[in-house]
Amino acid sequence: MSQELATRFDPRAIEPQRYRAWQEGGYFGVSAAEVLEGGRQPYVIVIPPPNVTAVLHMGHGLNNTIQDVLIRWRRMQGRASLWVPGTDHAGIATQNVVERLLAEEGKTRHDLGRDAFVEEVWSFVRETGGQILEQLKAIGSTCDWDRTRFTLDEELSRAVREVFVHLYDKDLIYRGEYIINWCPRCHTALSNEEAEPEESEGRLWHLRYPLAEEAWTAAAEAAGRGASALGRDGDARWYLTVSTTRPETMLGDTGVAVHPSDERYRDLVGANVELPLTGRTIPIVADTHVDPEFGSGMVKVTPAHDPNDFEIAGRTGIDVLNVMTEDAHMGENAPEAFRGLDRFEAREAVLAALDAQGLLAGESAHTHAVPHCYRCHTVVEPRLSLQWFVKMKPLAEPALQASRDGTITFTPERWKKVYEHWMENIRDWCISRQLWWGHRIPVWYCTCGEVIVSREDPTSCPACGSDQLEQDPDVLDTWFSSWLWPFSVFGWPEENEDLDAFYPTHTLSTAPEILFFWVARMIMAGYEFLGSPPFTQVYLHGTVRDAMGRKMSKSLGNGIDPLQVVEMFGADAMRFTLINSCAVGTDIFLDHEDVEGSFSVGRNFANKIWNAGRFALMSLGEGPVKPLATVADALELEDRWILSRLNHTAGAATENLERFRLHEVAEDLYHFFWGEVCDWYLELVKGRLAEDAHQATREAARTTLVTVLDGAFRLLHPIMPFVTSELWARLPWPEGQERPEDLIVAAWPEAAPDRTDEDAEALMGTFRDLVIEVRRLRKEYGVAEGTRVTVHLSGTTPSFAAMVAEREGSLERLARVNEVVTSGGGDGVGAHSVLHSGVEIFLPLKGVIDVDRELERLRGEISRIQDLLTGTEKRLANEQFVGRAPEEVVAKEREKARALGEQVAKLREKLEALEGADR
RNA sequence: GGUCGCUUAGCUCAGCUGGUAGAGCGCCACGUUCACAUCGUGGAUGUCGCAGGUUCGAGUCCUGCAGCGACCACCA
Numbered sequence: 000m001s002q003e004l005a006t007r008f009d010p011r012a013i014e015p016q017r018y019r020a021w022q023e024g025g026y027f028g029v030s031a032a033e034v035l036e037g038g039r040q041p042y043v044i045v046i047p048p049p050n051v052t053a054v055l056h057m058g059h060g061l062n063n064t065i066q067d068v069l070i071r072w073r074r075m076q077g078r079a080s081l082w083v084p085g086t087d088h089a090g091i092a093t094q095n096v097v098e099r100l101l102a103e104e105g106k107t108r109h110d111l112g113r114d115a116f117v118e119e120v121w122s123f124v125r126e127t128g129g130q131i132l133e134q135l136k137a138i139g140s141t142c143d144w145d146r147t148r149f150t151l152d153e154e155l156s157r158a159v160r161e162v163f164v165h166l167y168d169k170d171l172i173y174r175g176e177y178i179i180n181w182c183p184r185c186h187t188a189l190s191n192e193e194a195e196p197e198e199s200e201g202r203l204w205h206l207r208y209p210l211a212e213e214a215w216t217a218a219a220e221a222a223g224r225g226a227s228a229l230g231r232d233g234d235a236r237w238y239l240t241v242s243t244t245r246p247e248t249m250l251g252d253t254g255v256a257v258h259p260s261d262e263r264y265r266d267l268v269g270a271n272v273e274l275p276l277t278g279r280t281i282p283i284v285a286d287t288h289v290d291p292e293f294g295s296g297m298v299k300v301t302p303a304h305d306p307n308d309f310e311i312a313g314r315t316g317i318d319v320l321n322v323m324t325e326d327a328h329m330g331e332n333a334p335e336a337f338r339g340l341d342r343f344e345a346r347e348a349v350l351a352a353l354d355a356q357g358l359l360a361g362e363s364a365h366t367h368a369v370p371h372c373y374r375c376h377t378v379v380e381p382r383l384s385l386q387w388f389v390k391m392k393p394l395a396e397p398a399l400q401a402s403r404d405g406t407i408t409f410t411p412e413r414w415k416k417v418y419e420h421w422m423e424n425i426r427d428w429c430i431s432r433q434l435w436w437g438h439r440i441p442v443w444y445c446t447c448g449e450v451i452v453s454r455e456d457p458t459s460c461p462a463c464g465s466d467q468l469e470q471d472p473d474v475l476d477t478w479f480s481s482w483l484w485p486f487s488v489f490g491w492p493e494e495n496e497d498l499d500a501f502y503p504t505h506t507l508s509t510a511p512e513i514l515f516f517w518v519a520r521m522i523m524a525g526y527e528f529l530g531s532p533p534f535t536q537v538y539l540h541g542t543v544r545d546a547m548g549r550k551m552s553k554s555l556g557n558g559i560d561p562l563q564v565v566e567m568f569g570a571d572a573m574r575f576t577l578i579n580s581c582a583v584g585t586d587i588f589l590d591h592e593d594v595e596g597s598f599s600v601g602r603n604f605a606n607k608i609w610n611a612g613r614f615a616l617m618s619l620g621e622g623p624v625k626p627l628a629t630v631a632d633a634l635e636l637e638d639r640w641i642l643s644r645l646n647h648t649a650g651a652a653t654e655n656l657e658r659f660r661l662h663e664v665a666e667d668l669y670h671f672f673w674g675e676v677c678d679w680y681l682e683l684v685k686g687r688l689a690e691d692a693h694q695a696t697r698e699a700a701r702t703t704l705v706t707v708l709d710g711a712f713r714l715l716h717p718i719m720p721f722v723t724s725e726l727w728a729r730l731p732w733p734e735g736q737e738r739p740e741d742l743i744v745a746a747w748p749e750a751a752p753d754r755t756d757e758d759a760e761a762l763m764g765t766f767r768d769l770v771i772e773v774r775r776l777r778k779e780y781g782v783a784e785g786t787r788v789t790v791h792l793s794g795t796t797p798s799f800a801a802m803v804a805e806r807e808g809s810l811e812r813l814a815r816v817n818e819v820v821t822s823g824g825g826d827g828v829g830a831h832s833v834l835h836s837g838v839e840i841f842l843p844l845k846g847v848i849d850v851d852r853e854l855e856r857l858r859g860e861i862s863r864i865q866d867l868l869t870g871t872e873k874r875l876a877n878e879q880f881v882g883r884a885p886e887e888v889v890a891k892e893r894e895k896a897r898a899l900g901e902q903v904a905k906l907r908e909k910l911e912a913l914e915g916a917d918r
């Protein structure tokens with residue numbers, strides 16, 4: 000049967016069938032009964048739901064591979080391992096996609112109207128949405144697909160509605176006028192997290208505001224005290240100077256502020272200022288927000304267009320005047336000359352108008368961070384508007400406590416601090432979005448003024464009985480459904496068995512970028528609505544970046560398509576490469592211009608596993624395999640050694656998985672399989688597996704090989720499920736031992752202290768030393784590959800000598816040694832060396848290599864290098880050179896001299912070894 | 001400005017509780033011995049950012065300095 004296996008691993012030939020077989024075997028699904036009645040311990044992960052319109056990218060590839068590794072590992076441990084999949088309706092993102100499609104037909108969403116547009120989005124989502132879940136199957140994800148959820152499902156919408164009403168009834172949801180981040184293009188509010196600041200070179204303009212005449216006397220005195228904001232037009236009017244990066248907002252100024260303890264301006268507080276271009280008069284007020292040290296210590300206050308200024312207005316009682324429309328054009332409150340202008344046009348116009356009146360004092364360069372819309376990149380406009388908010392402070396308390404007392408852990412741990420810092424300074428959450436796609440806010444307004452917040456759609460007003468109710472037009476922030484995900488997927492608020500069995504979940508794996516957006520809010524929701532944490536371990540993985548360190552993204556075109564990688568090298572290769580690169584807390588670098596190079600580690604390893612398995616299956620033959628216990632007496636050193644190593648590796652793998660040290664798991668398994676099983680065990684055991692080998696030793700080797708491969712495949716399975724299960728399924732099985740029906744549910748190997756064999760490990764270590772040293776000496780002295788050599792050892796211990804005597808066949812095979820003399824000796828021409836164990840090696844070379852020719856070659860080499868060295872030393876002795884050449888050149892020359900000197904010394908040593916002895 | 005983190009081989013990074021510096025990729029040489037050239041064997045390359053300190057011993061702990069980065073908050 001083994002002849003069927005190709006010499007190269009071809010993942011396309013096995014992966015799809017394997018996945019189908021698992022699905023048909025029903026290995027992904029877990030029922031509540033298994034936990035509640037069967038007593039199985041659950042292990043649950045809810046997937047971070049990708050956007051319903053998303054296409055798999057490498058970030059998903061990484062995150063979902065991590066989750067699948069954990070899920071598969073726990074499943075093998077016997078846990079009721081459940082991974083719940085699903086997608087997110089992704090408000091703005093999805094609406095944008097459909098709006099763009101409409102735009103291609105020259106239509107806007109307004110042309111369709113709300114209901115038709117939402118229906119359009121639905122049909123788009125039904126047709127093309129969720130393809131990412133299909134793509135997850137190609138990378139091997141073992142989600143329980145029967146539990147797939149969507150944040151707009153009826154069940155989940157019920158949870159959203161319940162939560163809104165619950166919070167509203169607790170006075171934790173309120174509606175208020177606030178300055179929010181507004182995207183004038185998307186026409187919606189953005190949370191702080193959705194407004195992405197970007198450093199930009201801006202300008203700071205200095206504007207002059209004339210003081211009302213009655214304040215001139217005070218102004219003159221203030222100027223005498225060093226009030227730098229004050230100035231005068233010759234002998235005429237007094238004015239003050241304020242600075243701004245957004246001059247157009249001055250049209251909405253309703254005050255000028257100074258710090259209350261700023262002595263310079265104390266007499267001017269309460270005085271009036273004539274606001275240019277508007278004909279309005281505004282007061283000077285005192286507020287602690289002003290930094291007396293910055294600029295002139297005087298600030299223009301625009302409450303409707305700046306969050307800080309809005310707060311100043313709240314404290315000082317000055318007016319709030321909105322001069323812009325929702326498109327960020329100048330609105331009806333702006334002077335007629337500017338009305339209708341876009342904000343940037345208005346900026347120019349205002350500057351020109353001020354300049355014309357001599358009120359522009361100048362400008363200076365100014366670097367500051369300007370927030371942009373995370374979706375469309377438009378400059379965000381702070382905007383006064385009526386929005387719904389959640390009071391977060393009360394929700395944050397238990398969620399903060401959970402981190403502090405260790406109920407919830409963060410990996411890497413540094414995120415704990417970041418999380419706690421954010422929670423301690425939490426702000427209210429603006430949850431309304433001016434979109435059509437999403438959960439409609441469950442609030443109705445009656446003409447009588449009554450506000451109805453209800454779990455069911457009301458038909459009439461409970462206050463006046465009118466049926467003229469109007470629902471709030473806004474929808475909820477996408478995260479308002481996402482934060483309920485860990486329990487809404489199990490049917491909450493309905494009491495049910497799934498919830499009992501699977502909530503709280505265990506691990507949440509995601510990117511640190513959404514720690515605040517999502518993770519923190521889920522924790523708060525868990526405590527508020529179910530009184531318990533939604534999960535107990537938060538694992539935050541790194542970002543996938545390109546060779547230049549840039550985040551992989553569609554817009555930069557530097558992404559690598561995971562499906563392409565699967566097509567080229569297989570899912571196993573991709574999974575291994577990703578896990579092998581994700582050391583805790585570090586980002587992953589892949590080169591999109593060299594996909595093959597990026598994934599060669601995984602591809603090569605998968606191929607290595609395949610070929611080792613292929614060889615083993617061929618060598619094992621068809622006959623029955625004996626159980627380990629029955630061949631115990633016939634085990635050879637290498638058998639005991641590799642079984643001990645397997646045990647050790649299993650222990651390390653378990654420990655590292657528990658601590659999310661996935662990179663270490665991958666690396667350890669790679670070295671165990673390649674560096675120990677393949678490089679040593681298989682090589683050592685080849686002779687013993689031959690048909691004509693001694694029966695007892697052959698059976699011991701067969702049993703050990705099966706045991707080791709079984710163990711190795713189990714350990715590798717979570718990371719490389721396809722190649723391992725394909726080979727595992729073909730392994731012959733020890734007689735009388737029960738064989739699990741599939742590797743995917745085979746028991747995870749747990750380490751046992753009594754399976755560690757210290758003696759075997761130590762002896763094997765010295766044996767490996769010996770082989771490596773002989774190989775090295777052979778190469779160094781140019782012994783031809785096929786030539787056999789004799790090895791003399793002195794200073795051996797009896798056990799070492801015995802071990803070597805037993806391993807002569809192996810030494811022949813591994814190092815082309817035809818005889819080992821352990822009684823010391825070893826005179827004559829040859830190579831000497833000392834092992835770590837202190838044993839001395841002598842390799843006679845007389846008759847093995849042409850000593851005279853080697854001597855001649857060495858002498859030639861030495862004189863050649865000596866010439867180079869002499870030249871270099873001459874240069875270094877030359878004062879002209881050392882004095883005038885650039886320092887780095889001289890340093891390089893010194894380095895060269897040192898290296899050459901070392902080389903010569905080494906060659907001389909070798910020469911002496913060959914010459915010294917009498918031949 | 002605040003907080004956190006990073007600086008180890010040409011590149012990307014491991015090195016978890018202090019005990020003789022590691023991996024992958026790349027590089028050099030040799031190799032068609034029947035699992036694998038997506039391979040084998042051997043090799044070269046590091047004053048572990050700089051300066052101090054604790055210790056028998058420090059890449060690992062402490063202090064300072066320099067450079068880089070992330071996040072948060074932003075000063076008009």
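Counted from 1, the first sequence has number 278 at position 279 by numbering that gives the first Met the number 0; the numbering is strictly sequential.
Cβ coordinates follow ideal geometry from the N, Cα and C atoms, glycine included.
**Report entry** Option in Glu344, Asp234, Gly620 with minimal Cα separation from Asp326
**Finding:** Relative to Asp326, the option among Glu344, Asp234, Gly620 whose CA is nearest is Glu344.
Query - One or two residues paired with Tyr538 in a DSSP bridge - result: Answer by DSSP bridge pairing, in chain order: Thr410, Ser508.
Requested in this report: In angstroms with no decimal places, state the Cα-to-Cα distance between Arg697 and Ala689.
Outcome: The straight-line gap from Cα to Cα measures roughly 8 Å.
Query raised in the report: Does DSSP classify Glu527 as helix, strand or coil?
Result: The answer is helix: DSSP assigns Glu527 an H, G or I state.
Query raised in the report: Does the stretch 314 to 326 come close enough to the stretch 368 to 388 to have 3 or more Cβ pairs within less than 8 Å?
Result: Put simply, the stretch 314 to 326 touches the stretch 368 to 388. At least three CB pairs are less than 8 Å apart.
Report task. Check the DSSP bridge columns for Asp87 and list the partner residues they point to. Result -> In DSSP, Asp87 forms a bridge with Asn50.
Query raised in the report: Does DSSP put Asp305 in a helix, a strand or coil?
Result: Coil at Asp305, not helix or strand.
Query raised in the report: So, using beta-carbon positions, are Val957 and Thr702 closer together than 7 Å?
Result: Given a span of 0 to 918 for the chain in the structure shown, any question on residue 957 remains unanswerable.
Requested in this report: Taking Val34 as part of the alpha helix (DSSP H), name the residues at either end of that continuous run.
Outcome: Under the DSSP assignment, Val34 falls in the alpha helix (DSSP H) whose first and last residues are 31 to 35.
Query raised in the report: Under 7 Å, do Gly837 and Gly794 count as touching if we go by C-beta distance?
Result: Yes, the Cβ-Cβ distance between Gly837 and Gly794 is below 7 Å.
Report task. Quick one: grab the DSSP three-state call for Ser156. Result -> In the displayed model, Ser156 falls within a helix according to three-state DSSP.
Query raised in the report: Does DSSP put Ser1 in a helix, in a strand, or in coil?
Result: Caution applies to Ser1, whose pLDDT of 38 falls short of 50 and renders its modelled position unreliable; the value that the coordinates give is listed next. Three-state result, Ser1: helix.
Query - Classification of Lys392 by the beta-carbon crowding that lies within 10 angstroms, buried from 16 upward - result: With fewer than 16 other Cβ atoms within 10 Å, it is exposed.
**Report entry** 3 or more residues per run - each beta strand (DSSP E) lying fully within the stretch 651 to 688
**Finding:** Runs found: none.
Query raised in the report: Do Val29 and Ala79 come within 7 Å of each other at the CB atom, strictly closer than that value?
Result: Less than 7 Å divides the Cβ of Ala79 from the Cβ of Val29.
**Report entry** Residue of Leu645, Ala728, Glu860 minimising C-alpha distance to Glu749
**Finding:** For the options Leu645, Ala728, Glu860, the alpha carbon positioned closest to that of Glu749 is the one of Leu645.
Requested in this report: Assign Thr920 to buried or exposed, taking buried as 16 or more other Cβ atoms, counted over all protein chains shown, within 10 Å of its Cβ.
Outcome: Past the boundaries of the shown model lies residue 920; the chain is included only from 0 to 918, so the question cannot be answered.
Query raised in the report: Between the beta-carbon of Val722 and the beta-carbon of Val45, is there less than 7 Å?
Result: Val45 sits away from Val722, with the two beta carbons spaced by 7 Å or more.
Requested in this report: Count the other C-beta atoms from every protein chain shown that fall within 10 angstroms of the C-beta of Asn817, then say buried if there are 16 or more, exposed otherwise.
Outcome: Burial call: exposed.
Report task. Using alpha carbons as the reference points, say which of Phe515, Glu347, Glu494, Ser481 lies closest to Val417. Result -> Nearest of Phe515, Glu347, Glu494, Ser481 to Val417, Cα basis: Phe515.
Report task. Go through its chain and collect everything with a Cβ distance to Met523's Cβ below 8 Å, but skip five positions before and after it. Result -> Counting only Cβ-Cβ distances below 8 Å, and skipping sequence neighbours, we find Met391, Leu394, Ala395, Pro397, Ala398, Trp482.
**Report entry** Through-space distance from Ala312 to Gly357, alpha-carbon basis
**Finding:** Gly357 and Ala312 have their alpha carbons spaced roughly 29 Å apart.
Report task. Determine the direct distance from the alpha carbon of Arg403 to that of Lys685, and round the result to whole angstroms. Result -> Going from the Cα of Lys685 to the Cα of Arg403 covers about 57 Å.
Query raised in the report: Below 8 Å, can you find three or more Cβ-Cβ pairs linking the stretch 665 to 685 to the stretch 77 to 97?
Result: With the cut-off at 8 Å, the stretch 665 to 685 and the stretch 77 to 97 do not touch.
Query raised in the report: Between Thr506 and the rest of its own chain, which residues show a CB-CB distance below 7 Å, the 5 nearest in sequence each way excluded?
Result: Result list for Thr506: Ile44, Leu69, Phe534, Gln536, Tyr538, in chain order.
Query raised in the report: Can you give the Cα-Cα distance for Leu661 and Pro370, rounded to whole angstroms?
Result: Their Cα atoms are separated by approximately 37 Å.
Query raised in the report: Which first and last residues belong to the beta strand (DSSP E) in which Trp943 is found?
Result: No answer is possible for residue 943: it lies beyond the span of the chain, which begins at 0 and ends at 918.
Requested in this report: Could you tell me which of Glu119, Gly251, Pro752, Asp586 sits nearest to Arg338, measuring between CA atoms?
Outcome: The residue from Glu119, Gly251, Pro752, Asp586 with its alpha-carbon nearest to that of Arg338 is Gly251.
Requested in this report: May I ask which residues mark the beginning and end of the beta strand (DSSP E) holding Arg231?
Outcome: Residues 229 to 231.
Query raised in the report: CB of Ala750 to nearest heavy atom of the ligand COA: below 6 Å?
Result: Inclusion of the ligand COA in the displayed structure is not the case, the ligand content being empty and no account of it being possible.
Query raised in the report: What are the boundary residues of the beta strand (DSSP E) that Thr723 is part of?
Result: Counted as a single uninterrupted DSSP element, the stretch harbouring Thr723 is not any beta strand (DSSP E) but the alpha helix (DSSP H) occupying residues 720 to 727.
**Report entry** Buried or exposed (CB count within 10 angstroms, at least 16 for buried), Asp9
**Finding:** Within a 10 Å sphere around the beta-carbon of Asp9 sit fewer than 16 other beta-carbons, which makes this residue exposed.
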